[in-house]
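Just below is one structure, and these are the notes that go with it.
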Amino acid sequence: MRLVTSSVEHPSVLETFKQLEKAGFTVTYLPVDARGIVSLRDLQDVLSPDEAVFVSVMHVNNETGSIQPIYEIASLVRRVAMQSLFHVDAVQSFGKLPEPIIPDDPDLSPDLITLSGHKIHGPKGVGALYVAPNAPIGPIVYGGGQEYGMRSGTENIPAITGFGIAAKASASDLKEAYRHVGEVKAAFLKELENGWERPLKWTLNGEPPSSGRFSHYILNVGFPGLSGESIVHHLEARGVYVSTQSACSSRKPGPSHVLKAMGLDRETIEGSIRISFSRFTSVSDAVAAAKHLKEVVRELSELGGHRVFSARSRR
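Under our numbering, think of the first position of the sequence shown as 1335, with each following residue one higher.
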């Protein structure tokens, strides 16, 4: 079986595919455009009606918030390679995006979907795997036959219960929460754009807000000429917490593989930070965080002598 994934996946998927490649599987890593989106044409080129293919593409990117066209991908896989399976990492969309991950039309639905509890304010260390009724997969952990025989072992009932409660709470006001987070993100960007003594050169990495193909919950901003790590640490001292990559890659040296795959130059990548919002973030919190960010960037610019104050650019 051939394996296909994108070049911007979360390390939990990307590193697994790399290990499978070492084990002898043929893996195709789909490129992305400047927005971080895979090309359906590139995917179609590697699908075949005569070959089983396992395709794994995330729904929402954990570093940029770019939303992949999973309905179109599912439809393409069904139409071109009926023997194939389509997996979606929906950790950053489940309980957040208003549109359903599993649509009513089965031809647009993934075969496998992975979810995580802590991304919707549930317990850490608990997740879920959705398996479509006809998906031909078997267990990799054997024993007492728990979890419908798919994953044996004593269940973590408190964590599972907490995950269920968090999922129910998220579903109860999904659209309203998404609208609120959209306002929070807009307020952050408005404050970031205005009030500078001198125009600031910065880039919005990924989808522009006007496109609609981005998650309100994630923002990735680059400050060419500055160190993203320095920005993170200076903000932390002010009680504002952001990151340079995904939390799972925070201790891994080197530039972001996501921004690199999107074709950003090294200076922009090294000066980029990821900002996350939640349903509990207020507009005033976002405005205050943006003000702190501007102050930190100004201080670092003066200390380092970097030429970051010039004509503002928006990617």
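Heads up, the beta-carbon is just placed ideally off N, CA and C, and yes, glycines get one too.
Checklist entry - Going by C-alpha distance, which of 1335, 1339, 1336 and 1344 is nearest residue 1593? => result As a position in the sequence shown, residue 1593 is number 259, starting the count at 1. It is 1344.
Checklist entry - Which partner residues does residue 1340 have in the DSSP bridge list? => result The sequence position of residue 1340 within the sequence shown is 6, counting from 1. Here residue 1340 is bridged, per DSSP, to 1364.
Item to check | Sub-8 Å separation of residue 1590 and residue 1397 beta-carbons | outcome: In the sequence shown, the residue the question calls residue 1590 occupies position 256. In the sequence shown, the residue the question calls residue 1397 occupies position 63. A contact, by the Cβ cut-off of 8 Å.
Checklist entry - DSSP puts residue 1423 in a beta bridge; with which residues? => result Taking the sequence shown and counting its residues from 1, the one referred to as residue 1423 is at position 89. Bridge partners of residue 1423: 1448.
Checklist entry - Grouping DSSP H, G and I as helix and E and B as strand, with all else coil, what is residue 1556? => result Counting from 1 along the sequence shown, the entry for residue 1556 is found at position 222. In this structure, DSSP gives residue 1556 an extended state, which the three-state scheme calls strand.
Checklist entry - Using DSSP with H/G/I as helix, E/B as strand and the rest coil, what is residue 1405? => result Start at 1 with the first residue of the sequence shown, and residue 1405 comes out as number 71. In the structure shown, residue 1405 sits in a helix (DSSP, three-state: H, G or I).
Next on the checklist: In this structure, how does DSSP classify residue 1562 when only helix, strand and coil are distinguished?
Outcome noted: Residue 1562 sits at position 228 when you count from the first residue of the sequence shown. DSSP, reduced to helix, strand and coil, places residue 1562 within a helical segment of the structure shown.
Checklist entry - Among residues of its own chain, excluding the 5 on either side of residue 1415, which ones have a beta-carbon nearer than 8 Å to its beta-carbon? => result As a first step, residue 1415 must be located in the sequence shown, where it is residue number 81. Closer than 8 Å at Cβ, skipping near neighbours: 1381, 1382, 1383, 1385, 1386 and 1387.
Item to check | Own chain partners of residue 1596 with C-beta closer than 8 Å, once the 5 adjacent residues on each side are dropped | outcome: Stepping through the sequence shown from its first residue, residue 1596 is reached at position 262. Counting only Cβ-Cβ distances below 8 Å, and skipping sequence neighbours, we find 1342, 1366, 1367, 1368, 1369, 1370, 1398, 1539 and 1540.
Checklist entry - Can the beta-carbon of residue 1361 be found less than 8 Å from the beta-carbon of residue 1340? => result Numbered from its first residue, the sequence shown carries residue 1361 at position 27. Numbered from its first residue, the sequence shown carries residue 1340 at position 6. Going by C-beta atoms, residue 1361 is not nearer than 8 Å to residue 1340.
Checklist entry - Under a three-way DSSP split, which group does residue 1615 fall into? => result For the purposes of this step, residue 1615 is taken as residue 281 along the sequence shown, with counting starting at 1. Here residue 1615 sits in coil by DSSP.
Next on the checklist: Counting C-beta neighbours from all protein chains within 10 Å, is the total for residue 1562 16 or more, i.e. buried, or is it exposed?
Outcome noted: Within the sequence shown, numbered from 1, the residue matching residue 1562 stands at position 228. When all chains shown are included, residue 1562 counts as buried.
Next on the checklist: Spatial neighbours of residue 1617 within its chain, please: C-beta separation below 8 Å, excluding the five flanking residues on both sides.
Outcome noted: Position 283 of the sequence shown, counting from 1, holds the residue named residue 1617. If we look at residue 1617 and ignore the five residues flanking it on each side, its Cβ neighbours are 1517, 1518 and 1521.
Checklist entry - How would you call residue 1395, buried or exposed, if buried means at least 16 neighbouring beta carbons within 10 angstroms? => result The residue given as residue 1395 occupies position 61 in the sequence shown. Buried, since its Cβ has 16 or more Cβ neighbours within 10 Å.
Next on the checklist: Can you give me the C-alpha to C-alpha distance between residue 1468 and residue 1423, rounded to a whole angstrom?
Outcome noted: Stepping through the sequence shown from its first residue, residue 1468 is reached at position 134. Stepping through the sequence shown from its first residue, residue 1423 is reached at position 89. Between the alpha carbons of residue 1468 and residue 1423 lies a gap of roughly 19 Å.
Checklist entry - Which two residues bound the contiguous alpha helix (DSSP H) that contains residue 1498? => result Translated into positions along the sequence shown, residue 1498 becomes position 164. Note, residue 1498: alpha helix (DSSP H), 1491-1506.
Checklist entry - Apart from the five residues on each side of it in sequence, which residues of its chain come closer than 8 Å, Cβ to Cβ, to residue 1640? => result Start at 1 with the first residue of the sequence shown, and residue 1640 comes out as number 306. Unreliable placement is indicated for residue 1640, whose pLDDT of 48 sits below 50; the coordinate value is still reported in the next sentence. Cβ-Cβ distances below 8 Å link residue 1640 to 1559, 1560 and 1634 in the same chain, with the five nearest sequence neighbours on each side left out; the list follows chain order.
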